[in-house]
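In my numbering, the protein residues as written are 28 to 63.
Where a beta carbon is used, it is the ideal one built from N, C-alpha and C, also for glycine.
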């Protein structure tokens, strides 16, 4: 799965995982997107 804007399901999954494990919600989501 490639989510080049981090706005789709991949970004949402990272946010949910952060919440589940007690991390900050935006951890790992504030990087510059990679456009293929």
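{"Query": "How is residue 38 classed by DSSP in three states: helix, strand or coil?", "Result": "helix"}
{"Query": "Quick one: what's got a C-beta closer than 8 Å to residue 46's C-beta in the same chain, skipping five residues either side?", "Result": "52"}
{"Query": "State the DSSP-derived secondary structure class of residue 61, mapped to helix, strand or coil.", "Result": "coil"}
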